[in-house]
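Student:
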Amino acid sequence: MNISNWIDSLIRTPRRVAIPIMTHPGIELLGRRVLDAVTDGQTHYEAIAALDRRFPDAAASTVIMDLTVEAEAFGATIHFPDNEVPSVTGRLAPSAAEIEALAIPPLDTARVPEYLKACRLSAAGLSKPVFGGCIGPFSLAGRLYGMSEIMIAIYTEPEAIRTLLGKCAAFVKAYCGAIKATGAAGVIMAEPAAGLLSDEDCQAWSSDYIRPIVEALQDDSFAIILHNCGNTGHCTRAMTSVGARGYHFGNRIDMAAALRDSPADALVMGNLDPVAVFRMATPAEVDKATSELLEVTADYPNFVLSSGCDTPPEVPFANIEAFYAALGRYNS
Numbered sequence: 029m030n031i032s033n034w035i036d037s038l039i040r041t042p043r044r045v046a047i048p049i050m051t052h053p054g055i056e057l058l059g060r061r062v063l064d065a066v067t068d069g070q071t072h073y074e075a076i077a078a079l080d081r082r083f084p085d086a087a088a089s090t091v092i093m094d095l096t097v098e099a100e101a102f103g104a105t106i107h108f109p110d111n112e113v114p115s116v117t118g119r120l121a122p123s124a125a126e127i128e129a130l131a132i133p134p135l136d137t138a139r140v141p142e143y144l145k146a147c148r149l150s151a152a153g154l155s156k157p158v159f160g161g162c163i164g165p166f167s168l169a170g171r172l173y174g175m176s177e178i179m180i181a182i183y184t185e186p187e188a189i190r191t192l193l194g195k196c197a198a199f200v201k202a203y204c205g206a207i208k209a210t211g212a213a214g215v216i217m218a219e220p221a222a223g224l225l226s227d228e229d230c231q232a233w234s235s236d237y238i239r240p241i242v243e244a245l246q247d248d249s250f251a252i253i254l255h256n257c258g259n260t261g262h263c264t265r266a267m268t269s270v271g272a273r274g275y276h277f278g279n280r281i282d283m284a285a286a287l288r289d290s291p292a293d294a295l296v297m298g299n300l301d302p303v304a305v306f307r308m309a310t311p312a313e314v315d316k317a318t319s320e321l322l323e324v325t326a327d328y329p330n331f332v333l334s335s336g337c338d339t340p341p342e343v344p345f346a347n348i349e350a351f352y353a354a355l356g357r358y359n360s
């Protein structure tokens, strides 16, 4: 598939499309645990396929937004609950000396092969674009160094953090290249920690490391979508400077403002609250929130309806049905 043409066609069509970041309901359709999907690429693919069969109106499919895969590959300790997303525990590289000694891992490390397997099987098995997932360099560095600590260290130990970011960016680039080789249409790069930074710092510590990855890998067969759910509007300029074909925003931003501040030739995606709307609201409330979002973004052809982040486990199926019903009613 020529993904550039696909993106251009989405912008040209008067119909709205939806690409929620959503995999967990597929795991539940299989009767499996989150732990099964995040550790086994076959189960992960089967969950994506099951969700696509149950809700075929999504314009594309996505893998789980698991922001521990890359940190685990570097050697971080990961906590694996049965039915929640994994999390990083402790600090792997809390000093300049440990950063210097940190090796960039190969792509056959930890669960990286299982996520590549999920991408490869999904790209071959589904008749729509499939987007893999990865973490952004600054968010990865924060998981290795410590998130609170890195916010101070960019001022007190900038050279050490630049070294760490260089290693993180090199691995993310290699990982995205491997995702591209699976036949996936693109990757959603999650950089939520950059939302903690000012626009100037977001540029220096995040976007300047992402743009070379975009320039090296993005082409007519592979699109990069940058996700930053920490951005409330204060760092959209830096975020959109990377040259990605799409930008994905969280529920804390004014979506119309995000669209005004984003390139008209890129997909701009978001931003229904994955917990308060998808997980906790009633179907009627989901319908109302979806309809209102479609109305306030009606003037922007490049808007793509989505969740503000990865939807959590145990989203009621009635709420997903209400989401797509509101979209169908809007398009009719």
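In my numbering, the protein residues as written are 29 to 360.
Built from N, CA and C at the ideal position, the CB exists for glycine as well.
Could you tell me the distance, in whole angstroms, from the CA atom of S176 to the CA atom of T117?
Tutor: S176 and T117: Cα-Cα distance of roughly 14 Å.
Student: Roughly how many whole angstroms lie between the Cα atoms of I180 and A222?
Tutor: Their Cα atoms are separated by approximately 14 Å.
Student: Only counting the same chain, and skipping five residues up and downstream in sequence, which positions put a Cβ closer than 7 Å to that of P53?
Tutor: Hits under 7 Å: L79, V343, F345, I348.
Student: Can you name the residues that DSSP bridges to A218?
Tutor: Bridge partners of A218: I163, H255.
Student: Going residue by residue through the segment 271 to 315, where are the continuous alpha helix (DSSP H) segments of at least 4 residues, counting only ones entirely within it?
Tutor: Qualifying alpha helix (DSSP H) stretches, in chain order: 283 to 288.
Student: Strictly by DSSP, which residues pair up with H107?
Tutor: Paired residue(s): S115.
Student: Under 6 Å Cβ to Cβ from R265, same chain only, skipping five residues before and after it: list those, please.
Tutor: Around R265: D227.
Student: Below 6 Å CB to CB, which residues in the same chain sit around M50 once its five sequence neighbours on both sides are set aside?
Tutor: These residues qualify, in order along the chain: T339.
Student: Given G191, which residues of its chain have a CB within under 6 Å of its CB, disregarding the five upstream and five downstream residues?
Tutor: Reading off the sequence shown, one finds Thr at residue 191, where the question assumed Gly. These residues qualify, in order along the chain: I127.
Student: Label G69 either buried or exposed according to how many other C-beta atoms from any shown protein chain fall within 10 Å of its C-beta, with 16 as the threshold for buried.
Tutor: Buried is the call here.
Student: Take the Cβ of H255 as the centre, count every other Cβ of all protein chains shown within 10 Å, and call the residue buried at 16 or more, exposed below.
Tutor: Its Cβ being crowded by 16 or more others within 10 Å, H255 is buried.
Student: Give a yes or no on contact between the segment 282 to 289 and the segment 239 to 258, applying the rule of three or more CB pairs nearer than 8 Å.
Tutor: No, because fewer than three Cβ pairs between the segment 282 to 289 and the segment 239 to 258 fall closer than 8 Å, the two stretches do not touch.
Student: Determine whether the beta carbon atoms of K145 and S89 lie at a separation below 8 Å.
Tutor: It is not a contact, given that the beta carbons lie outside the stated cut-off.
Student: Give the C-beta separation of E165 and L193 to the nearest angstrom, bearing in mind that I take them to be a contact with Cβ-Cβ under 8 Å.
Tutor: According to the sequence displayed, residue 165 carries Pro and not Glu. Confirmed, about 5 Å.
Student: Name the DSSP bridge partner or partners of V158?
Tutor: V158 is bridged to S89.
Student: Going by the beta-carbon positions, is the gap between A213 and V296 smaller than 8 Å?
Tutor: Going by C-beta atoms, A213 is not nearer than 8 Å to V296.
Student: Among the candidates S360, A125, D136, whose CA atom is the shortest distance from the CA of E98?
Tutor: Looking at the Cα atoms, D136 is the closest of the given residues.
Student: How should D94 be labelled, buried or exposed, when 16 other C-beta atoms within 10 angstroms of its C-beta is the threshold for buried?
Tutor: Buried, because 16 or more other Cβ atoms sit within 10 Å of the Cβ of D94.
Student: Using three-state DSSP, classify A46 as helix, strand or coil.
Tutor: The answer is strand: DSSP assigns A46 an E or B state.
Student: Going by DSSP, name the residue or residues bridged to V332.
Tutor: Answer by DSSP bridge pairing, in chain order: M297.
Student: Out of K208, I178, G153, which has the shortest C-alpha to C-alpha gap to H161?
Tutor: Before going on, a small fix: residue 161 reads as Gly here, not His. Nearest C-alpha to G161: K208.
Student: Just to confirm my understanding: we take R280, look at its own chain, exclude 5 residues before and 5 after, and list those with CB closer than 6 Å. What are they?
Tutor: Here the set comprises T260.
Student: Our contact map puts A353 next to V324 with C-beta atoms below 8 Å; I'd like the distance itself, whole angstroms only.
Tutor: Rounded, the Cβ-Cβ distance is 19 Å, inconsistent with contact.
Student: Between the Cα of V113 and the Cα atoms of L63, A218, S334, G356, which residue gives the shortest distance?
Tutor: The candidate whose alpha carbon is nearest that of V113 is L63.
Student: Which stretch, first to last residue, makes up the alpha helix (DSSP H) that contains E128?
Tutor: Start and end: 124 to 129.
Student: Within this structure, are the beta carbons of L322 and Y358 separated by less than 8 Å?
Tutor: Yes. Within cutoff.
Student: Looking only at DSSP bridge pairs, what is F250 linked to?
Tutor: BP columns for F250 point to D247.
Student: Taking the alpha carbon of I132 as the point to measure from, which residue in A75, A65, K201, D110 has its own alpha carbon closest?
Tutor: The shortest Cα separation from I132 among A75, A65, K201, D110 belongs to K201.
Student: Given a cut-off of 8 Å on the beta-carbon distance, is the pair E100 and I106 in contact?
Tutor: In this structure, I106 lies closer than 8 Å to E100 by Cβ.
Student: Here's a check: name, in chain order, each residue in its chain whose Cβ is nearer than 7 Å to the Cβ of C196, leaving out the five neighbours to either side.
Tutor: Contacts found: P165, L168, A169.
Student: Pick helix, strand or coil for H262, following the three-state DSSP scheme.
Tutor: Coil.
Student: So, under 8 Å CB-CB, L149 and Y73 are touching, yes? Tell me the CB distance rounded to an integer number of Å.
Tutor: The pair is a contact, with the Cβ atoms about 4 Å apart (cut-off 8 Å).
Student: Looking only at C-alpha atoms, which of D282, A304, D315 sits nearest to G298?
Tutor: Taking only the C-alpha atoms, the option nearest G298 is D282.
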